[in-house]
Every structure is written in C-alpha cells, then in structure tokens.
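Everything below concerns the one structure shown next.
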Amino acid sequence: MTKLKEEIWASLKDRVNRALKHEKQNLGTVFLELKQLSRTLDELAEMKKDYHPDQLRFGQESASIGQLQRNWNFLTGLEEATRKTNQQKLMVKKKERAIRQQCLKLENELRKYEMLESREVKKRKKSEALIDQKLSDEISTNHWLRNRPV
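If you're matching positions, the sequence shown starts at 2 in our numbering and goes up one per residue.
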C-alpha cells in the first residue's frame with residue numbers, strides 16, 4: 002500500500018512540476034511581451050517629443066488647412082496608439098500577475114507532494130527495515146534453538 006501511495010504522490014508531483022514549467026514558460030512569454038510594449042511606448046514618446054507641428058516650414062500663417070489637418074491627425078494617432086498600448090500593457094500586467102499567482106500555487110502544491118512522497122518513502126523503508134529485522138530475529142532464534150546445548 003505504501004509503495005502505491007508513493008507512486009501516486011510521485012505521479013502527482015510530476016504532473017504539477019510539468020504544469021509549473023509550462024506556467025514559467027508562459028511567464029517568460031509575458032515578460033517578452035511587456036518588454037516589447039515598453040519599447041513601443043518609448044518609441045511613441047520619442048516620436049511625439051521629436052515632432053514639433055508649431056515649427057512649420059513656412060510659419061503658421063502660410064500653413065495650409067491640409068497640412069494642419071495632417072499634423073492634427075498625426076498627433077491624434079500618436080496619442081491613440083499610446084493609449085491603446087498602455088491599455089494592452091495593463092492587460093498583460095494583469096495576465097502576468099495571474100500567472101505568478103498560479104506559479105506560487107503550483108510551487109506550494111509541488112512542495113506538498115514532495116513532502117508526501119518523501120513521507121511515504123520513509124514509511125516504506127521503515128517497514129522494510131522492520132521486516133528485515135523480524136526476519137533476522139527469526140533466523141537468529143532458529144539458529145540458537147538448533148545449536149543450544151541440551
């Protein structure tokens with residue numbers, strides 16, 4: 002029975018270990034996604050910083066309506082892209098938090114199964130040692146009974 006329990010705990014431990022590795026891979030993917038989003042936000046901020054619509058080539062008076070509209074659309078597009086990227090980054094951070102919580106849960110479960118498996122191994126070894134000791138005692142007793150002087 003102890004051997005069976007030991008195998009059960011070992012298989013559960015292996016299953017949790019595989020799930021934990023999978024979640025850690027997901028976490029790595031999320032980190033890369035966050036890094037890419039941060040780079041995108043930096044690039045958008047740099048574009049906005051470098052763009053100066055007030056310094057048009059011909060001055061504000063001679064700027065055409067089309068040129069002003071293109072400038073406005075460009076700035077609006079940058080702000081919209083920044084807003085959407087920030088929203089996406091928040092969603093990815095929530096995803097990261099959920100994966101981290103799942104990893105913690107799986108790590109705790111893994112420790113529990115390792116402890117239970119270890120406990121069953123100790124029980125099995127102790128049981129085997131008791132059986133060996135009992136067998137050794139029986140052999141010693143039989144030997145003593147046969148060889149004792151009458």
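Idealized CB from N, CA, C, for every residue including glycine. Computed from a prediction, not measured in an experiment: that's the story for all the values here.
Rounded to the nearest angstrom, the gap between the Cα atoms of Ser-39 and Val-93 is 11 Å. If you look at Ser-137, you'll find it in the alpha helix (DSSP H) that goes 66 to 148.
Per the coordinates, the alpha-carbon of Lys-127 lies some 15 Å from the alpha-carbon of Leu-117. Within the same chain, and ignoring the five residues on either side of Glu-108 in sequence, the residues whose Cβ sits closer than 7 Å to its Cβ are Leu-21. The Cβ atoms of Ile-100 and Leu-33 do not sit closer than 8 Å to each other.
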